[in-house]
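K.L.:
In the working numbering, the protein residues as written are -16 to 264.
The C-beta atom is built at its ideal place from N, Cα and C for all residues, glycine as well.
Submitted below is the structure of interest, expressed as structure tokens.
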């Protein structure tokens, strides 16, 4: 497919990193005027085919830091799966799928993307796979099942991205994640992305990552000055009631809750939904 000129001069910084003109122009249409710090260092590494650990704060542009270079290297003639993106939850996988579709549509490149989730009935999943996707985005369990049963072939896969990779090594999904890592071809680049990447995750993935580059930014560097930081102490049994009283007193427009495990997250969500709070995971 021929490269089209990028009309917005502000996108030249993206083009200088090695992105296709169409991808750079698409990012411009999303409001990017220049690469974020993590994009500036991650895009060249991914274009080179390096295995990588990529860590920076939420909201710093990590998703496009890997989607943009991967989409710039997709072979449009091939009908093979060239990239898989694995997420720890269905909600995150759906969010990543929407962002990938948005980038593909804005670029006009016609990259075929399929969502793979355990909540999708298998007959419908197979119908969607009939388009012969270039990219598959989904949960670890569904992608593992598709690979294990031969429904998809990943022998030509060039990139495997593990988004929120630290959560993919929690006890609920670690076996699925390591099975997927073991099934990847030697030529596939392995990329683990998260706001935080503990040493235990680096050690756990070491057998599959080949001379990886570690692109870690200070997670506090991107915090906005307008964000207020409060600290409260509460016992485990009183935390839900405390959150209820906090919301009644402060009335935050939106609130992010973090927990130590997937199991804890679902317990918290169930309790807060019972109290009438609209929640998403």
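In this structure, does DSSP put residue 11 in helix, strand or coil?
P.N.:
As a first step, residue 11 is located in the chain shown; it is residue number 28 there, counting from the start. Correct three-state label for residue 11: helix.
K.L.:
Please report how far the alpha carbon of residue 151 lies from the alpha carbon of residue 145, in whole angstroms.
P.N.:
Locating residue 151 in the chain shown gives position 168, where the first residue counts as 1. Locating residue 145 in the chain shown gives position 162, where the first residue counts as 1. Between residue 151 and residue 145, the C-alpha separation is close to 8 angstroms.
K.L.:
Could you tell me which residues DSSP pairs with residue 156 in its beta bridges?
P.N.:
Start at 1 with the first residue of the chain shown, and residue 156 comes out as number 173. According to DSSP, residue 156 bridges with nothing at all.
K.L.:
Using CA atoms only, rank isn't needed, just tell me which of 187, 185 and 180 is closest to residue 201.
P.N.:
Within the chain shown, residue 201 is the residue found at index 218, counting from 1. It is 180 whose Cα lies nearest to the Cα of residue 201.
K.L.:
Which one or two residues does DSSP pair with residue 146 in a beta bridge?
P.N.:
Start at 1 with the first residue of the chain shown, and residue 146 comes out as number 163. In the DSSP output, where bridge partners are listed per residue, residue 146 has 176.
K.L.:
Give the DSSP bridge partners of residue 121, in chain order.
P.N.:
Locating residue 121 in the chain shown gives position 138, where the first residue counts as 1. For residue 121, which the question treats as bridged, DSSP gives the partners 69 and 99.
K.L.:
Looking at the secondary structure, which residues open and close the beta strand (DSSP E) in which residue 17 lies?
P.N.:
As a first step, residue 17 is located in the chain shown; it is residue number 34 there, counting from the start. Where residue 17 is concerned, there is no enclosing beta strand (DSSP E), given that its DSSP letter is neither H nor E.
K.L.:
As a quick exercise: from 154, 24 and 182, pick the residue whose alpha carbon is nearest that of residue 51.
P.N.:
By one-based count along the chain shown, residue 51 stands at place 68. Here the closest residue by C-alpha is 24.
K.L.:
How big is the Cα-Cα spacing for residue 11 and residue 217?
P.N.:
Your numbering for residue 11 matches position 28 in the chain shown. Your numbering for residue 217 matches position 234 in the chain shown. Rounded to whole angstroms, residue 11 to residue 217 spans 45 angstroms at the Cα level.
K.L.:
Does DSSP put residue 196 in a helix, a strand or coil?
P.N.:
Here the question's residue 196 lines up with position 213 in the chain shown. Three-state DSSP puts residue 196 in a strand.
K.L.:
Do you know offhand how far residue 62's Cα is from residue 18's?
P.N.:
Here residue 62 is taken as the residue at index 79 of the chain shown, counted from 1. Here residue 18 is taken as the residue at index 35 of the chain shown, counted from 1. About 31 angstroms.
K.L.:
If you compare alpha carbons, which of 252, 109 and 14 is closest to residue 242?
P.N.:
By one-based count along the chain shown, residue 242 stands at place 259. When each option's Cα is compared against that of residue 242, the closest is 252.
K.L.:
Which residue comes first and which comes last in the beta strand (DSSP E) that contains residue 35?
P.N.:
For the purposes of this step, residue 35 is taken as residue 52 along the chain shown, with counting starting at 1. Per DSSP, residue 35 belongs to the beta strand (DSSP E) from 35 to 38.
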